[in-house]
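Number of protein chains: 2
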Amino acid sequence: RLKRSLLERLVRYCHFMQDKVLDEEITTVSSAQVAAYAELDESQVRKDLAAIGVRGTPRVGYRAADVVSTIRDRLGFDESYKAVLVGAGRLGGAIISYPGFAKYGLHIVAIVDSDPRKTGSMISGLVVQPMHRLGQIVRREQIELGILTVPRASAQVTADRLIDLEIKALWNFAPIWISVPDDVHVRNEHLSVGLADLAYHLSG
Amino acid sequence: RLKRSLLERLVRYCHFMQDKVLDEEITTVSSAQVAAYAELDESQVRKDLAAIGVRGTPRVGYRAADVVSTIRDRLGFDESYKAVLVGAGRLGGAIISYPGFAKYGLHIVAIVDSDPRKTGSMISGLVVQPMHRLGQIVRREQIELGILTVPRASAQVTADRLIDLEIKALWNFAPIWISVPDDVHVRNEHLSVGLADLAYHLSG
Ligand SMILES: NC(=O)c1ccc[n+]([C@@H]2O[C@H](COP(=O)([O-])OP(=O)(O)OC[C@H]3O[C@@H](n4cnc5c(N)ncnc54)[C@H](O)[C@@H]3O)[C@@H](O)[C@H]2O)c1
Ligand SMILES: NC(=O)c1ccc[n+]([C@@H]2O[C@H](COP(=O)([O-])OP(=O)(O)OC[C@H]3O[C@@H](n4cnc5c(N)ncnc54)[C@H](O)[C@@H]3O)[C@@H](O)[C@H]2O)c1
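Below, the structure is given as structure tokens:
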């Protein structure tokens with residue numbers, strides 16, 4: 001299992017190779033160029049890429065297309081996963097229309113919400129469904145990921161329902177740490193870490 | 205300067221102490237309890253707290269209130285900073301109403317947007333201002349932080365304008381890596397890292 005900090009660095013290298021290199025039609029790139037872009041030591045870049053079996057050629061560097069395809073394959077971006085988004089509010093609406101989900105193999109196939117005024121409305125091509133249909137949707141579509149954009153007070157109870165439906169992973173945006181069984185993966189996207197980072201830098 | 209990974213762990217310890225401990229009126233907590241909550245080694249917890257000068261008492265543990273006040277003080281949460289949010293769309297609206305900004309000393313004092321249909325409307329008690337007022341607002345209010353919730357295509361040009369106005373830090377939510385001079389701190393809040401983390405766990 002790759003550590004989370006390594007995963008985050010590999011995503012950045014992948015971005016660099018895709019955005020800066022393939023768009024400008026450069027075929028090879030040096031570890032120094034990647035290191036400068038990612039604000040890291042060259043030795044860290046070489047170590048990270050070696051961890052997924054990618055080696056550069058001395059004086060030539062890394063072949064960009066090879067690095068991208070190895071990272072995508074190793075991190076599972078070429079497979080396809082289905083997600084349901086719960087909570088069709090402001091943040092939910094912004095996430096549904098976020099570009100790039102498909103680049104990582106993730107497809108939001110359903111949106112549900114507890115507010116009867118929202119059900120039946122259309123967001124980015126999907127009709128908002130009522131909560132009582134959640135079970136039927138998750139089973140029929142074989143959904144593996146639940147995205148939680150509900151208020152803090154509803155996050156745990158919504159997670160519990162998805163866990164009962166044997167969801168494999170949860171992406172929680174509500175500002176609360178939800179508890180789950182060991183076999184469910186949870187990623188919390190809390191603004192509090194960003195707030196702390198900024199406060200720390202502004203206080204310096 | 206504290207490393208970012210240490211900063212993120214200290215925020216989690218602070219959450220634990222505040223949410224679990226002060227609410228339940230427990231005064232001391234052991235490194236084992238903190239480690240279990242944060243899914244880390246006990247030795248990592250002890251090392252992190254020692255890095256900011258907090259030591260536990262053998263067989264008693266850490267005094268929760270002391271840990272919270274030391275973390276808050278060391279990370280600058282008790283100071284006060286002003287922010288302007290640019291881009292009063294779905295995500296901007298969700299961020300403005302996010303609870304807890306003030307807990308980190310951050311106060312959003314102005315919202316601006318380029319869409320004439322949005323200027324003049326009210327969001328969470330603030331009137332949306334037109335872009336031509338940005339300079340005047342940043343100078344008058346002595347704003348230190350710019351929050352970018354504009355589309356990808358407008359992110360760099362918006363950042364450049366805020367840098368001209370001598371903003372100290374940028375919190376970028378648009379899915380693009382913006383370039384800034386060395387004396388400006390940028391925090392990117394990209395969903396791509398979360399997407400990669402989830403795709404990786406679903407593929408395993
Ligand atoms: N992590 C981040 O980046 C970030 C940023 C902003 C907001 N947030 C958090 O995201 C969440 C959503 O914020 P928002 O501004 O979109 O709120 P919102 O009020 O606009 O949307 C919440 C939606 O959830 C629905 N809902 C409420 N209870 C529900 C339940 N039990 N089951 C199903 N649906 C339910 C509501 O009907 C509404 O449509 C909040 O918890 C907020 O704190 C996170
Ligand atoms: N990181 C995350 O968590 C996350 C989640 C969802 C969306 N996003 C990103 O956040 C951004 C906003 O998404 P959204 O769904 O709120 O979009 P939106 O279209 O609802 O809102 C964008 C707002 O920016 C304004 N705007 C456009 N160009 C501008 C400019 N040059 N100057 C000032 N204002 C300008 C528009 O008038 C609009 O009000 C996008 O870049 C999106 O990709 C990030």
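Those sequence lines, one after another, are chains S and F.
Position one of the first sequence corresponds to residue 1 (the numbering used here), numbered consecutively onward.
Position one of the second sequence corresponds to residue 205 (the numbering used here), numbered consecutively onward.
Built from N, CA and C at the ideal position, the CB exists for glycine as well.
Note that this is a predicted model, so its numbers are computed, not measured.
Reduced DSSP secondary structure (H/G/I, E/B, other) of residue i
{"i": "Thr119(S)", "result": "coil"}
{"i": "Thr231(F)", "result": "coil"}
{"i": "Gly92(S)", "result": "helix"}
{"i": "Ala287(F)", "result": "strand"}
{"i": "Arg356(F)", "result": "helix"}
{"i": "Ala169(S)", "result": "strand"}
{"i": "His394(F)", "result": "coil"}
{"i": "Gln248(F)", "result": "helix"}
{"i": "Val332(F)", "result": "strand"}
{"i": "Tyr37(S)", "result": "helix"}
{"i": "Ala174(S)", "result": "coil"}
{"i": "Tyr98(S)", "result": "coil"}
{"i": "Val313(F)", "result": "strand"}
{"i": "Arg63(S)", "result": "strand"}
{"i": "Gly350(F)", "result": "strand"}
CB-CB length for residue i against residue j, believed under 8 Å
{"i": "Ile312(F)", "j": "Phe305(F)", "result": "7 Å"}
{"i": "Leu210(F)", "j": "Asp252(F)", "result": "6 Å"}
{"i": "Asp270(F)", "j": "Val258(F)", "result": "7 Å"}
{"i": "Ile71(S)", "j": "Leu22(S)", "result": "About 13 Å separates the two Cβ atoms, so there is no contact after all."}
{"i": "Ile147(S)", "j": "Ala88(S)", "result": "Going by Cβ atoms, the distance from Ile147(S) to Ala88(S) rounds to 11 Å, so no, they are not a contact pair."}
{"i": "Leu91(S)", "j": "Leu338(F)", "result": "Not confirmed; about 25 Å, so no contact."}
{"i": "Asp113(S)", "j": "Val127(S)", "result": "Not confirmed; about 11 Å, so no contact."}
Closest residue to residue i among the options (Cα-Cα distance)
{"i": "Glu229(F)", "options": "Ser209(F), Ala236(F), Arg267(F), Leu253(F)", "result": "Arg267(F)"}
{"i": "Leu2(S)", "options": "His132(S), His185(S), Ile52(S), Val157(S)", "result": "Ile52(S)"}
{"i": "His185(S)", "options": "Ser284(F), Leu210(F), Glu243(F)", "result": "Glu243(F)"}
{"i": "Thr119(S)", "options": "Val86(S), Leu148(S), Ile147(S)", "result": "Val86(S)"}
{"i": "Gly329(F)", "options": "Glu345(F), Ser301(F), Gly339(F), Asp401(F)", "result": "Ser301(F)"}
{"i": "Asn392(F)", "options": "Glu370(F), Arg365(F), Asp368(F), Arg356(F)", "result": "Arg356(F)"}
{"i": "Ala199(S)", "options": "Asn376(F), Arg365(F), Thr231(F), Tyr308(F)", "result": "Tyr308(F)"}
{"i": "Ile299(F)", "options": "Gln18(S), Ala35(S), Thr149(S), Asp182(S)", "result": "Thr149(S)"}
{"i": "Ile143(S)", "options": "His201(S), Leu106(S), Phe173(S)", "result": "Leu106(S)"}
{"i": "Asn376(F)", "options": "Asp368(F), Met221(F), Val258(F), Ser358(F)", "result": "Ser358(F)"}
{"i": "Thr232(F)", "options": "Asp245(F), Cys218(F), Phe220(F), Val264(F)", "result": "Val264(F)"}
{"i": "Ile176(S)", "options": "Glu212(F), Asp223(F), Arg208(F)", "result": "Asp223(F)"}
{"i": "His219(F)", "options": "Val272(F), Gly296(F), Val384(F)", "result": "Val272(F)"}
{"i": "Gln360(F)", "options": "Ser383(F), Pro303(F), Gln333(F)", "result": "Ser383(F)"}
{"i": "Pro303(F)", "options": "Arg46(S), Ala174(S), Asp113(S)", "result": "Ala174(S)"}
C-alpha distance - residue i paired with residue j, whole-angstrom precision
{"i": "Ile137(S)", "j": "His190(S)", "result": "27 Å"}
{"i": "Met335(F)", "j": "Ile327(F)", "result": "16 Å"}
{"i": "Leu145(S)", "j": "Thr158(S)", "result": "13 Å"}
{"i": "Ala236(F)", "j": "Ala169(S)", "result": "27 Å"}
{"i": "Arg12(S)", "j": "Asp183(S)", "result": "28 Å"}
{"i": "Ala400(F)", "j": "Pro320(F)", "result": "37 Å"}
{"i": "His405(F)", "j": "Gly204(S)", "result": "37 Å"}
{"i": "Glu487(F)", "j": "Ser284(F)", "result": "A question about residue 487(F) goes unanswered here, because the residues of chain F that appear run from 205 up to 408."}
{"i": "Gln44(S)", "j": "Ala36(S)", "result": "11 Å"}
{"i": "Thr57(S)", "j": "Ile163(S)", "result": "47 Å"}
{"i": "Gly194(S)", "j": "Glu212(F)", "result": "9 Å"}
{"i": "Pro385(F)", "j": "Asp160(S)", "result": "46 Å"}
{"i": "Glu246(F)", "j": "Val238(F)", "result": "8 Å"}
{"i": "Met17(S)", "j": "Ser234(F)", "result": "45 Å"}
{"i": "Ile167(S)", "j": "Arg208(F)", "result": "31 Å"}
{"i": "Asp78(S)", "j": "Arg250(F)", "result": "40 Å"}
{"i": "Gly297(F)", "j": "Leu369(F)", "result": "24 Å"}
{"i": "Ala50(S)", "j": "Ser396(F)", "result": "22 Å"}
{"i": "Arg139(S)", "j": "Ser121(S)", "result": "23 Å"}
Beta carbon proximity, residue i to chain A, threshold 8 Å
{"i": "Pro303(F)", "result": "Of the protein chains in the structure, S and F, none is chain A."}
If the cut-off is 8 Å on Cβ atoms, which residues from the segment 181-198 of chain S count as contacting chain F, listed in chain order?
His185, Arg187, Glu189, Leu191, Ser192, Val193, Gly194, Leu195, Ala196, Asp197, Leu198
For the segment 106-117 of chain S, which residues have a beta carbon sitting closer than 7 Å to at least one beta carbon of chain F?
Leu106
Short of 8 Å Cβ to Cβ, which residues in the segment 161-172 of chain S face chain F?
Lys168, Ala169, Trp171
Listed from N- to C-terminal order along the chain, which residues in the segment 61-75 of chain S have their beta-carbon within a distance smaller than 8 Å of any beta-carbon of chain F?
Leu75
Looking at chain S, which residues of the segment 338-349 of chain F have a Cβ within less than 7 Å of any of its Cβ atoms?
Glu348, Leu349
Please list, in chain order, the residues of the segment 205-222 of chain F that have any C-beta partner in chain S closer than 9 Å.
Arg205, Leu206, Arg208, Ser209, Leu211, Glu212, Leu214, Val215, Arg216, Cys218, His219, Phe220
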